[in-house]
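So the sequence shown is numbered by UniProt numbering: it starts at 1 and just counts up by one.
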Amino acid sequence: MEEKTREAYLSQAKNFIKSRLGTTNPHVQELHKALIDHALDDNPPGYGSWNKKRRALEVYYLERGIIDEAKFIKATKFPDGALYKKPGSSIKKVSNDDCNALLKGCMSKRVPDLSLAGAIAVVRITGCRPSEMMSIQLLPDNGIYIEGSKQTEDGKRGMDRHLYLDDEVFKVFSVALKQMKKELDKLKPHQTEMNAVGMLQKRLDGLNKKLFPRRKKHITFKSFRHQLGSDLKSSSHGRIYSAAILGHQSVDSINGYGDSRSGKGRMLPCPSRATMNNVRIRTVKNADFKQVLISNYGRKPDKGRVPANTKAKIGGSTA
């Protein structure tokens, strides 16, 4: 486990314990009950968010060397009757008008919010995950390096990526990245990069409510990732190219991102050859794409890699 991941888990666990139990040294049975009750809240977190908290509490006990309690928390099951998937509260497409309105809103404040404006530009250009925003690095020749946040220890999921930007886009991106990372200067000693992202997202939520008061769903940083997925689906680029940009090892992962009908033509990042070579064909749910691989390469798609210049069509609204 990476150090920043460990720190993020510990911070989340401490916040959960304090907010739910009002103590810093709870009994494991009380914590177990609080975790179960959390899944059944009136505003349910859904399994994904709940499981992250369960894992955070497990790490909390492991860090203190209390192994039995860590195992007890790890064995906690998601309760029957709890809502497995949290109702969506964010939108998955961002129009140019909405993006420009958000940027204008950042700059029209009495003290312009340059960090938030920079963050919006960064996620719009790269489609990076919120957890990856603060780790992005600039490289020579208009390159950027994004450290993948969903990598597993066995290397079967997630990956780092090296992307290239157009000259003008890179100039804008460099300034935006610098302004966004100034948010890190506001952190307290015990806080992590994700706290900085959380502060930016909170201000983005407030800006949404001000600019779009009648909307039930708001634009989040991940909305821009979904929009990039839509743009990639509507482009002539193939699944391997798209997976490399989004930081997916599997070509199927883009299935859950965006809609080709919401895509719009724009300058897209270009992944390095090495990044594209790290994309693997695992399981393919799109029958047309599977047939392309079998007919062109004479093999099933779950064996080995496809050449980096493969451009299989990404069709349909969910493909």
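Quick reminder that beta carbons are idealized off the backbone N, C-alpha and C, glycines included.
All values reported here derive from a predicted model rather than from experimental measurement.
Check: Which partner residues of Ile-146 appear in the DSSP bridge assignment?; Outcome: Arg-161
Check: What's the gap between the Cα of Lys-92 and the Cα of Trp-50?; Outcome: 22 Å
Check: Using only CA atoms, which one of Val-59, Asp-231, Ala-117 lies nearest to Glu-7?; Outcome: Val-59
Check: Since Gly-263 contacts Ser-230 with CB under 8 Å, what's their CB separation in whole angstroms?; Outcome: 4 Å
Check: Check each candidate in Pro-140, Leu-57, Ile-240, Gly-247 and name the one with the smallest Cα separation from Glu-30.; Outcome: Leu-57
Check: Can you give me the start and stop residues for the beta strand (DSSP E) that Gln-137 sits inside?; Outcome: 137–139
Check: Taking the runs of the alpha helix (DSSP H) that are 4 residues or longer, which of them lie wholly in the region 58–128?; Outcome: 67–74, 96–107, 114–126
Check: Leaving out the 5 sequence neighbours to the left and right, which residues in its chain are closer than 6 Å to Leu-163 when beta-carbon positions are compared?; Outcome: Ile-144, Pro-269, Pro-271
Check: Kindly indicate which residue of Asn-15, Met-1, Glu-2 has the alpha-carbon position closest to the one of Ala-190.; Outcome: In the sequence on display, residue 190 carries His and not Ala. It is Asn-15.
Check: Going along the chain, which residues of its own chain have a beta-carbon closer than 6 Å to the beta-carbon of Gly-298, five neighbours each way excluded?; Outcome: Any reading at Gly-298 must be qualified, since the residue scores a pLDDT of 44, below 50, and its modelled position is unreliable; the value itself is stated next. Cβ neighbours of Gly-298 beyond the five flanking positions: none.
Check: Could you check if Leu-62 is buried or exposed, using at least 16 other CB atoms within 10 Å of its CB as the buried criterion?; Outcome: buried
Check: To test your reading of the DSSP string, which unbroken alpha helix (DSSP H) runs of 4 or more residues are found completely within the region 208–278?; Outcome: 221–234, 239–246, 273–277
Check: For Ala-117, tell me which candidate among Glu-193, Ser-236, Leu-204, Ser-95 has the shortest Cα-Cα distance.; Outcome: Leu-204
Check: Taking 7 Å as the cut-off, decide whether the C-beta atoms of Gln-179 and Ser-250 are in contact.; Outcome: no
Check: Can you check DSSP and say which residues form a bridge with Arg-280?; Outcome: Ser-250
Check: Just confirm the distance between the C-beta atoms of Ala-196 and Leu-184, as a whole number of angstroms; I'd bet it's less than 8 Å.; Outcome: 5 Å
Check: Give a yes or no on whether the C-beta atoms belonging to Val-279 and Ile-254 are separated by under 7 Å.; Outcome: no
Check: Going by DSSP, what residue range makes up the alpha helix (DSSP H) through Met-180?; Outcome: 167–181
Check: Out of curiosity, what's the CA-to-CA distance linking Lys-220 and Ser-90?; Outcome: The question names Lys, yet the displayed sequence has Thr at residue 220. Their backbone Cα atoms lie some 6 Å apart in a straight line.
Check: For residue 379, which residues of its own chain have a beta-carbon under 6 Å away from its beta-carbon, when the five flanking residues on both sides are left out?; Outcome: In the structure as shown, the chain begins at 1 and stops at 319. Residue 379 is therefore absent and cannot be evaluated.
Check: When the Cα atoms are used, what is the spatial distance from Ala-34 to Arg-20?; Outcome: 7 Å
Check: What number of angstroms, rounded off, separates the C-alpha of Arg-215 from the C-alpha of Val-111?; Outcome: 26 Å
Check: Please classify Gly-206: does DSSP put it in a helix, a strand, or coil?; Outcome: helix
Check: What number of angstroms, rounded off, separates the C-alpha of Glu-193 from the C-alpha of Asp-97?; Outcome: 30 Å
Check: Measure the C-alpha to C-alpha separation of Met-199 and Gly-81 and round it to an integer number of angstroms.; Outcome: 33 Å
Check: Let me see if you follow: with CB-CB separation under 7 Å, is Tyr-145 close to chain C or not?; Outcome: The question asks about chain C, but that chain is absent: this structure has only one protein chain.
Check: Apart from the five residues just before and just after Gln-227, which ones in its own chain have a Cβ nearer than 6 Å to its Cβ?; Outcome: Lys-93, Val-94
Check: Run the CB neighbour count on Gln-12, radius 10 Å, all protein chains shown included, and call it buried at 16 or more, exposed below.; Outcome: buried
Check: Distance, Cα to Cα, Thr-5 vs Asp-252?; Outcome: 26 Å
Check: Please report the Cβ distance between Arg-129 and Arg-225, rounded to the nearest whole angstrom; I am assuming they are in contact, meaning their Cβ atoms lie under 8 Å.; Outcome: 7 Å
Check: If we ignore side chains and look at the alpha-carbon of each, how far apart do Gly-247 and Met-159 end up?; Outcome: 6 Å
Check: Can you give me the start and stop residues for the alpha helix (DSSP H) that Lys-33 sits inside?; Outcome: 28–39
Check: Between Tyr-47, Ile-120, Met-1, which lies nearest to Ser-223 when the distance is taken from Cα to Cα?; Outcome: Ile-120
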